[in-house]
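Worksheet: one structure, shown below.
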Amino acid sequence: MTEHIKPIASELLSNDLVITAQINILNDKQQPIRCRALLDTGSSMNFITEELAKSLRIRQNKCSVPIGALDTLTTTSKRHITATITSTDAPYLAIRCLKQLAEDEGHRFPRAAQVLQRDFYVDDALTGAETKDEALTLRTELTNLLQLAGLNIRKWASNDNDLLHGLSLEETNHQHFLGDSQTLKTLGVLWNSSDDSILYSVEVKPTPSRVTKRIISSEIAKIYDPLGLLAPVIVRAKMLLQRIWSSKIDWDESLPIELHTEWERYYAQLPLLNNVRFPRKAIIESAMEIELHGFCDASEKAYGACIYLRTLNTNGRVWTQLLTAKSKVAPLKCQTIPRLELSGALLLTSLMSTIQQALSHKITRTIYWTDSTIVLHWLNTSPHTLKTFVANRVSEIQTKTSIRDWRHVPTDDNPADLISRGQTPEEFLRPTIWQHGPAWLYQSEGYWPTWALTPQIEVPEQKGAICLSTNPADYCLLQRYSSWPKLIRIIARCLRWKQKRNRAAPLTVTELRITHNKLIKLLQNIHFSEEIRTLQKDRNAAIKGKLTRLNPFIDKEGILRVGGRLSHSSMTFAQKHPIVLPKSSVTTRIIDHEHKIHMHSGTQATLYAVRQRYWPVDGRSQVWRAIKGCVRCCRAQPPPVEYVMGNLPEARVTESRPFTNVGVDYCGPFHIKEKRDRNRRQIKVYVAIFVCLAIKAVHIELVDDLTSEAFIAALRRFIARRGYCSTIHSDNGTNFRGASNELRELHDLLQSDDHKEKVTAFLADKQIEWRFIPPHSPHFARMLLRHQSYSLEEFEVVGLHWVLNMKDRKTYILMTSSKGL
């Protein structure tokens with residue numbers, strides 16, 4: 047006992063599929079020779095041992111044991127213990143020991159182990175074999191395998207009496223025969239072992255005078271049909287029960303007269319179902335091909351599906367048999383017939399998936415039949431293009447089945463149509479296609495119905511794909527002509543031809559003005575359509591984008607103009623409120639026109655001329671671009687020739703201490719007043735600029751006059767502050783030629799021999815090398831010239847600030863006592 051507790055407890059957490067009654071009944075249709083047995087779970091091996099009873103301290107108690115048909119006996123019970131296990135997996139737990147037995151001892155009896163694992167439902171075994179000898183061998187192996195665990199198998203029953211030979215009376219099922227000695231219940235379904243058929247037993251009581259919903263529900267539930275073989279009859283009762291629930295009648299309330307009459311008529315015919323027989327055997331001998339054919343259909347009241355097994359043996363014989371069926375009533379919420387047909391197709395898909403898992407035989411192919419062309423179109427459509435209800439079901443069907451397996455069947459040949467409409471027991475007994483399917487299933491595939499998918503059909507429940515098709519307007523005429531006046535005249539001629547007026551007469555001013563306004567409105571509607579719609583709805587609406595600062599408005603002629611606060615100005619209306627122009631080729635034509643009539647003026651002048659009547663968006667850039675494309679302006683102002691500059695001097699590109707290599711130059715003169723005399727006079731001074739060639743640092747020294755002594759003194763001050771330098775670069779004074787007299791003095795100083803001797807001697811003493819810049823070499827002296835201009839600008843700034851401070855200067859009187867007040 048303890049050996050099996052751990053493995054059983056560990057497997058309670060697994061999600062093993064519990065074999066249902068329906069699957070077991072389907073399994074018993076695979077072999078021609080059937081046998082049935084009941085496992086005796088009360089054998090001696092199911093009791094605990096004496097040692098375990100003592101260890102558990104179980105005591106003997108007296109109890110009353112009721113025995114049917116005898117009396118209540120008082121006896122002393124044996125030691126016993128009751129273990130209550132609460133679990134939803136009770137059927138699984140009941141057969142868990144059988145599964146463990148098959149795993150442990152299955153290698154000795156492989157065929158019997160397979161039966162233990164597949165053909166047992168709780169303690170009932172439904173199995174069979176192809177031949178009598180195989181069945182006898184299976185019975186022996188199964189008995190021996192179970193005896194290894196101390197389990198007895200009894201209540202054997204078979205459709206062949208030879209299989210029951212050698213068994214005692216206790217081991218057979220004679221005591222459970224129901225009326226007919228060859229009929230017994232197999233998992234709730236009656237099975238006649240003599241002719242190997244499934245039948246039903248329906249007992250009808252006298253109809254009470256008062257019929258309620260409780261009575262009808264109870265009677266309907268008594269018809270046990272797990273395989274759905276009575277689906278057309280059962281669904282009729284479901285329809286009636288749904289109507290009763292819709293009428294909101296209480297459980298014990300009498301039914302209305304129409305429902306009462308319909309139930310009496312249906313209930314009186316229920317005993318006719320006792321005459322219904324279905325062959326248990328669905329597969330013929332020597333089956334070569336096994337096919338599953340499923341049919342589905344729906345109506346406003348119900349929908350359902352049924353599956354037929356079609357087998358073909360080596361002799362070419364075809365046999366079809368109803369395998370299972372399922373029915374459902376239509377939901378109370380009103381649904382279209384195509385949607386109900388799709389629900390039936392989904393029901394068929396689920397039912398077919400269950401059957402394929404239950405059958406152990408190899409299925410050659412599976413075919414699904416429906417009489418709804420709309421469903422077939424849905425299945426051949428991508429789910430994302432369908433509405434949610436249809437898309438979800440189509441997606442599931444496409445996942446579980448292959449679209450190539452779906453075919454169309456006429457309604458008259460669809461056995462599922464009987465489920466969708468429902469039948470009374472009397473109608474069900476009449477010969478129909480229910481038991482064996484349509485007649486063409488017995489023929490070759492060439493006689494089966496065919497149907498070609500027509501893609502032109504308008505599929506319902508399909509999402510509406512909004513496709514806005516527009517014909518773009520042809521504005522090539524606006525770009526064909528480069529002249530703005532010519533474009534207006536051509537469009538004016540076209541408008542005159544449209545009105546069929548005097549076509550040869552010259553164009554009038556009115557026609558040109560109307561054409562101009564229409565062309566402007568067309569241009570604005572192309573580029574400012576959203577802004578125009580906003581202003582038409584609300585004149586004071588805020589406009590976003592590039593027109594926000596223009597405060598635009600629409601005038602009486604429908605033209606978008608610039609707003610503003612110049613309404614009371616004496617200027618013309620066009621000057622106060624220019625026409626807004628977008629970036630377009632037409633705007634470029636207008637700018638070209640104004641540029642030409644103003645003698646190819648510049649950007650500023652052309653923009654001013656254009657804004658006398660128009661206001662182009664980003665006007666300056668548009669005008670500059672238009673002038674840039676003017677051929678005459680390009681010829682008159684050719685781009686200057688740029689020469690390739692030489693390499694920079696070595697001192698400019700070599701890292702060194704600041705002011706190691708410097709360049710020097712003069713700038714000035716500057717006129718200042720002396721501060722030594724009372725009557726000061728203006729004198730001329732110069733500025734010597736020293737620039738570091740490595741880091742462009744600037745040092746400025748004031749030079750009193752144009753003498754060598756003054757320059758040397760400035761050079762001494764520079765050295766005293768910045769340190770000794772290695773080289774000094776300066777120009778040779780040739781840039782002063784042709785200059786004014788004042789600059790000529792500076793040139794004469796720099797070129798004089800006396801200045802050169804004094805400066806050279808001073809530099810030689812300081813070990814400083816003086817180098818002259820080559821003439822006509824701007825890349826050598828450009829940095830000096832640039833810093834000269836910077837210095838002049840800074841001097842001007844300082845002077846202006848000094849003048850401003852002098853003007854703002856105030857006079858303050860300092861009082862020493864209060865007498866002066």
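For the sequence shown, the numbering used here gives the first residue as 47, with consecutive numbering after it. Backbone N, C-alpha and C fix where the C-beta goes; we use that ideal spot for every residue, glycine too.
| Near GLN582, what residues of its chain come up, given a Cβ to Cβ distance below 6 Å and the 5 sequence neighbours on each side ignored? | Within the same chain, GLN582 has no close Cβ partners at all.
| message | Within 10 Å of its beta-carbon, does SER227 have 16 or more other beta-carbons around it, so buried, or fewer, so exposed? | response | For SER227, the pLDDT reaches just 43, beneath the cut-off of 50, and the residue's location in the model is therefore unreliable, although a value from the coordinates is still provided. Looking at its Cβ environment, which holds fewer than 16 other Cβ atoms inside 10 Å, SER227 is exposed.
| Roughly how many angstroms lie between the CA atoms of VAL248 and GLY492, to the nearest whole one? | Using only the alpha carbons, I get a separation of about 42 Å.
| query | Nearest to LYS592 by alpha carbon, out of SER798, SER389, TRP661? | reply | Looking at the Cα atoms, TRP661 is the closest of the given residues.
| field | Reduced DSSP secondary structure (H/G/I, E/B, other) of PRO506 | value | Correct three-state label for PRO506: coil.
| How do the stretch 697-711 and the stretch 734-744 stand: do at least 3 beta-carbon pairs fall below 8 Å, yes or no? | Per the Cβ contact rule, the stretch 697-711 is in contact with the stretch 734-744 (3 or more Cβ pairs under 8 Å).
| message | Can you look up PRO461 in the DSSP assignment and give me helix, strand or coil? | response | Per DSSP, reduced to three states, the secondary structure at PRO461 is coil, with no helix or strand assignment.
| Span of the alpha helix (DSSP H) holding GLY665? | 665-674 is the span of the alpha helix (DSSP H), which, as asked, contains GLY665.
| query | Using 8 Å as the Cβ pair cut-off and three pairs as the minimum, do the stretch 642-655 and the stretch 600-614 touch? | reply | In the pairwise beta carbon analysis, the stretch 642-655 is classified as not touching the stretch 600-614: fewer than three pairs are separated by under 8 Å.
| Around the Cβ of GLU97, are there at least 16 other Cβ atoms within 10 angstroms (buried) or fewer (exposed)? | By the 10 Å Cβ count, GLU97 comes out exposed.
| request: Return the Cβ separation of PHE757 and VAL749 in integer angstroms, given the expectation that the two are a contact with Cβ distance under 8 Å. | output: Your pair PHE757 and VAL749 checks out as a contact, with CB atoms roughly 6 Å apart and the cut at 8 Å.
| task | Pull up the distance between the alpha-carbon of ASN438 and that of GLU507, whole angstroms please. | result | The alpha-carbon separation between ASN438 and GLU507 amounts to approximately 12 Å.
| Contact check, ARG585 vs PHE599 under 8 Å by CB: the rounded distance? | Contact holds; Cβ gap of about 7 Å.
| message | Considering only the alpha carbon of each residue, which of ARG282, ASN359, THR253, LEU569 lies closest to ALA519? | response | For the residues ARG282, ASN359, THR253, LEU569, the minimum Cα distance to ALA519 belongs to LEU569.
| query | Quick one: what's got a C-beta closer than 6 Å to LEU194's C-beta in the same chain, skipping five residues either side? | reply | Residues of the same chain with a CB within less than 6 Å of the CB of LEU194, apart from the 5 flanking positions on each side, are GLU151 in chain order.
| task | May I have the straight-line CA-CA distance separating ASP298 from TRP237, to the nearest angstrom? | result | Rounded to whole angstroms, ASP298 and TRP237 show a C-alpha spacing of 36 Å.
| query | Expressed to the nearest angstrom, what Euclidean distance is found between the alpha-carbon atoms of LEU287 and CYS513? | reply | Their Cα atoms are separated by approximately 48 Å.
| query | Once you ignore the five residues that flank ALA760 on each side, which residues in its own chain have a CB closer than 8 Å to its CB? | reply | The residues are ALA734, GLU747, LEU748, VAL749.
| field | Candidates LEU273, GLN469, LYS532: closest to LEU565 by CA position | value | For LEU565, the nearest C-alpha among the options comes from LYS532.
| said: I need the DSSP call for LEU197, collapsed to helix, strand or coil. | reply: Residue state, collapsed to three classes: coil.
| query | Counting pairs of beta carbons, one from the stretch 404-424 and one from the stretch 467-481, are three or more of them closer than 8 Å? | reply | Fewer than three beta-carbon pairs drawn from the stretch 404-424 and the stretch 467-481 are found closer than 8 Å, and the two stretches are therefore not classed as touching.
| field | Segment limits, alpha helix (DSSP H) that includes TYR414 | value | Note, TYR414: premise wrong, no alpha helix (DSSP H); beta strand (DSSP E) at 411-416.
| message | I'd like to know whether the C-beta atoms of GLY340 and MET398 end up nearer to each other than 7 Å. | response | Yes, the Cβ-Cβ distance between GLY340 and MET398 is below 7 Å.
| TYR1, enclosing beta strand (DSSP E) - first and last residue | No answer is possible for residue 1: it lies beyond the span of the chain, which begins at 47 and ends at 867.
| message | At the level of alpha carbons, what is the spacing between ASP165 and THR173? | response | Put simply, the backbone Cα of ASP165 is about 6 Å away from that of THR173.
| query | Do you know offhand how far GLN403's Cα is from ILE303's? | reply | So the alpha carbons of these two residues sit roughly 46 Å apart.
| message | Taking the beta carbon of ASN190 as the centre, do at least 16 other beta carbons fall within 10 Å, making it buried, or is it exposed? | response | Its Cβ having fewer than 16 others within 10 Å, ASN190 is exposed.
| Segment contact flag, the stretch 482-489 with the stretch 454-467, C-beta cutoff 8 Å, min 3 pairs | Short answer: they touch.
| request: Spell out the partners DSSP gives CYS342 in its beta bridges. | output: Residue pairing from DSSP places CYS342 in a beta bridge opposite ALA351, THR416.
| CYS380 (DSSP reduced to helix, strand or coil) | Coil at CYS380, not helix or strand.
| said: Excluding the 5 residues flanking ALA115 on each side, which residues of the same chain have their C-beta closer than 7 Å to its C-beta? | reply: Because ALA115 carries a pLDDT of 43, less than 50, the predicted location of this residue cannot be relied on, and no value is offered for it.
| query | Since ILE625 sits in a beta bridge, which residues does DSSP pair it with? | reply | Its beta-bridge partners are ARG607, TYR660.
| query | Can you name, in chain order, every residue of its own chain whose Cβ lies under 6 Å from the Cβ of ARG356, other than the five neighbours on each side? | reply | So the list reads GLU337, HIS339, THR366, LEU487, once near-sequence residues are dropped.
| Secondary structure at ILE600, three-state DSSP: helix, strand or coil? | In the structure shown, ILE600 sits in a strand (DSSP, three-state: E or B).
| said: Taking the alpha-carbon of ARG142 as reference, which of PRO156, TYR167, HIS153 has the nearest alpha-carbon? | reply: Measuring from the Cα of ARG142, the nearest candidate turns out to be TYR167.
| Which partner residues of PRO471 appear in the DSSP bridge assignment? | Looking at the DSSP output, PRO471 bridges to nothing.
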